[in-house]
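One structure is given here, and the rest of the page talks about it.
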Amino acid sequence: MSHNLRFPIARIVLLLIGLSFLVTVLPTVPAHADPGIIRYAAPTPQGMNNCSSWANVCSLQAALTIATSGDEIWVKKGVHKPTLDPTKRTASFTLKDGVALYGGFAGTETSRDQRDWRANVTVLSGDIDNNDTTDVNGVVNNPYRHRWEQ
10 MSHNLRFPIA RIVLLLIGLS FLVTVLPTVP AHADPGIIRY AAPTPQGMNN
60 CSSWANVCSL QAALTIATSG DEIWVKKGVH KPTLDPTKRT ASFTLKDGVA
110 LYGGFAGTET SRDQRDWRAN VTVLSGDIDN NDTTDVNGVV NNPYRHRWEQ
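Heads up, the sequence shown is in the numbering used here, so the first residue is 10 and it goes up one at a time.
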């Protein structure tokens, strides 16, 4: 092999080594996920009950069931229970990774910044048989379990 061909081959080899280093050692930039869907939940479902808007709110349990990573659930003020069946003592809200849950909504907001969690108290209650003493906001202190994280 002639002396003139060694230098271009050496440059190509160095370039390939450099590219291999960049691809394997440097951290990769994560792909940006599409923004999630906002789901709307209220103690009493209304409209089409499909969680698509304040006019079509579903129960919190239904919103948690259909939500996927990246989604937000906006929860209207009031007392939310995991079931309406008083015999289902093991019923609970199951939270999902990547799903954000926000309370404090009156039910008219168009931006998360408009919520007022002090004025619009949102309660996740385990009192499925409605026999607990509560304060005016529905706050109780004795459910078995009302939230479960996966």
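Backbone N, C-alpha and C fix where the C-beta goes; we use that ideal spot for every residue, glycine too.
Where residue i and residue j are concerned, what is the direct C-alpha to C-alpha distance, given to the nearest angstrom?
i	j	result
residue 86	residue 116	8 angstroms
residue 111	residue 130	11 angstroms
residue 142	residue 132	14 angstroms
residue 53	residue 90	10 angstroms
residue 96	residue 140	13 angstroms
residue 138	residue 94	8 angstroms
residue 120	residue 45	14 angstroms
Could you give the first and the last residue of the continuous beta strand (DSSP E) run that contains residue i?
i	result
residue 82	81-85
residue 133	131-133
residue 104	102-104
How close, in whole Å, do the beta carbons of residue i and residue j come, if the pair is a contact with beta carbons under 8 angstroms?
i	j	result
residue 50	residue 69	4 angstroms
residue 134	residue 147	6 angstroms
residue 108	residue 61	The pair is not a contact, with the Cβ atoms about 16 angstroms apart (cut-off 8 angstroms).
Helix or strand or just coil, what does DSSP make of residue i?
i	result
residue 74	helix
residue 115	coil
residue 93	coil
residue 64	helix
With DSSP as the reference, please indicate the residues paired to residue i in a beta bridge.
i	result
residue 48	82
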